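Per our numbering: the sequence shown = residues 7 to 437.
For reference, the structure discussed in these notes is given below.
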Amino acid sequence: MSAPIIYPHSDTHSLLTLLSLHLPYSGPLLRLLQHHLVYPSKTAHILATFPQSSAPGPPSPWLIAYIDIYVDNETQVVLYSSLEAETRVPAAKLQNGSAEPSFRNGNELSRLAMEPDTAIQVQAQLLCLCSYIQKQLIPPYIAFLESQSNGHNNKETPCLSQKNHSFSPKPLEKIPAHPPTAFKIGSLHSGIRDLLLATVTDPEKVPAHIPKIRYMPHDQSVYMKYLFRRSTYDPPGEKRVGAPPSDSSDVTAANSLPPGYRFHNVDGLRGVQERHLDLVISRTSIPRLKEMMREMPSVAIYHDGGFVDASSNNTKPSPESTGPHNDGTDQSPIAWAFLGRDGSLSSLHVEEEHRGRGLAMILGKEVMKMGMGQGGVFTSESYGGNDEGWAFGDVNLKNAASRRVMEKMGGEEGWTTHWDVVQAIGDGLQG
7 MSAPIIYPHS DTHSLLTLLS LHLPYSGPLL RLLQHHLVYP SKTAHILATF
57 PQSSAPGPPS PWLIAYIDIY VDNETQVVLY SSLEAETRVP AAKLQNGSAE
107 PSFRNGNELS RLAMEPDTAI QVQAQLLCLC SYIQKQLIPP YIAFLESQSN
157 GHNNKETPCL SQKNHSFSPK PLEKIPAHPP TAFKIGSLHS GIRDLLLATV
207 TDPEKVPAHI PKIRYMPHDQ SVYMKYLFRR STYDPPGEKR VGAPPSDSSD
257 VTAANSLPPG YRFHNVDGLR GVQERHLDLV ISRTSIPRLK EMMREMPSVA
307 IYHDGGFVDA SSNNTKPSPE STGPHNDGTD QSPIAWAFLG RDGSLSSLHV
357 EEEHRGRGLA MILGKEVMKM GMGQGGVFTS ESYGGNDEGW AFGDVNLKNA
407 ASRRVMEKMG GEEGWTTHWD VVQAIGDGLQ G
């Protein structure tokens, strides 16, 4: 078997047509390419294992990847293999005798079904993709970092403004940055990860002319990919928050909030405002870049002030209500959600004193409506049809509370995913 060739692609529309035939499995990469059409990145590359002239009908198995090394500690690589549509998930017999996917013990991972020869072929595709990234894309990035006065640390870093958030809780510790000579692959299907790991644990089985990789220490968490059909977040007759005043559905959305909560600040502005991005970033352990968050649809919830008694649904006057969350001049949101570049829920958060009131579920549905609705970042017009408005959410497999929120929102268990940092090594690096 000869080493697979990696081809650059510039015709995003033909790839969208191909990926649409593999929904929902191809959804995260498809959404990322849609986002790229609206917010193109000069440092992004789209690669595939087939030449541009053969899309949309390449022979299987094939691989497509979106790479932007310059996003630093965020997800730099998202890929999709045509084999992912062959997902096989573990099943457990329930008390009623039915068999359904079960990941409750936190140890079960999604698997892929394939013949040994096919597995070898896909492994070679994955390794050659990693080699291409290492040889063609990493060196210019390193040169860019070296040209900066402060090296790769001269990046936008999460930092709370003492003026606006002096009494805010200490920011959550971030997942450590990885070396700039390696790259982070995100939303990686467990079955595809198995193929990559096998090349590390049994390197002697990899042909000598095929590049090799090594895994770098990183977050070892396993995530559940939840799938949301349009009918779960945008039933007929309802539309997103911020619809024109003549649209009564905007009133319906506002009425879904408990008394004292609203989707806009005192100036009538909706969504997360620029000055509140530091607050948002401080509430997550996942590294976030402001410039990327500015390009994501967002929904925020504001509170009229006072102490919230979640058990009684009462709002009581509180001396803290005049702080930066409710001062009338820089009122901060008490809950927010973004829809990431890959169509996944991102930074969904409710401040602790406002939890237990169903705000997370409301936020999640509204931000999906915003991104997936007419005029949103993600639209089916880009490639023609086969879309049920799929949106996604990745939740730590062991985070029972967050998983319950996903399920209450109508999310379906899809497959398990990982965020891994790898580095291509050896003399067989592709160029």
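We put the beta carbon where it would ideally sit given N, CA and C, even for glycine.
Predicted, not measured: the structure shown is a model, and the values here were computed from it.
Rounded to whole angstroms, the separation of the alpha carbons of Pro242 and Arg236 is 10 Å.
For Pro264 and Glu394, the gap between their C-alpha atoms comes out near 30 Å. Rounded to whole angstroms, Ala204 and Trp68 show a C-alpha spacing of 19 Å.
Contact check between the segment 45-60 and the segment 13-21: three or more CB pairs, one atom from each, fall below 8 Å, which counts as touching. A check of alpha carbon separations from Val272 across Lys371, Leu29, Gln337 identifies Gln337 as the nearest. DSSP places Leu27 outside any beta strand (DSSP E), giving it a letter other than H or E.
Taking C-beta separations shorter than 6 Å and ignoring five residues to either side along the sequence, the partners of Leu115 in its chain run Ser196, Thr422, following chain order. For Pro14, the beta-bridge partners assigned by DSSP are Leu53. Close CB contacts of His424 within its chain, under the 6 Å cut and outside five residues either way in sequence, are with Leu194, Arg199 (chain order).
Secondary structure of Thr423 (DSSP, three-state): strand. The alpha-carbon of Ala430 is positioned some 10 Å away from that of Ile144.
Annotation: Thr81 to Gly274 spans about 33 Å, alpha carbon to alpha carbon.
Here DSSP, grouped into helix, strand and coil, assigns Phe344 to strand. For Ser353, the enclosing beta strand (DSSP E) stretches over residues 351-356.
In this structure, Pro186 is the residue among Pro186, Ile139, Pro182, Asp123 with its C-alpha nearest to the C-alpha of Ala149. Asp400 has Lys231 as its beta-bridge partners, per DSSP. The alpha-carbon separation between Gly381 and Val44 amounts to approximately 11 Å. Distance between Thr23 and Glu359, taken at the CA atoms: about 45 Å. For Lys190, the secondary structure class from DSSP, reduced to helix, strand or coil, is strand.
With fewer than 16 neighbouring CB atoms inside 10 Å of its own CB, Gly63 falls in the exposed class. Between the alpha carbons of Thr290 and Met7 lies a distance of about 45 Å.
Counting along the chain, Leu85 sits inside the beta strand (DSSP E) bounded by residues 83-87.
In the structure shown, Gln129 adopts helical secondary structure according to DSSP, grouped into three states. From the listed residues Tyr239, His270, Val373, the smallest Cα separation to Ser304 is found for Val373. Judged by beta-carbon spacing, Asn79 lies beyond the 8 Å limit of Ala214, meaning their Cβ atoms are not closer than that value. Bounds of any beta strand (DSSP E) do not take in Ile287; it lies within the alpha helix (DSSP H) bounded by 283-288.
Scanning the segment 197-222 for uninterrupted beta strand (DSSP E) segments of 3 residues or longer gives 218-221, listed from N- to C-terminal end.
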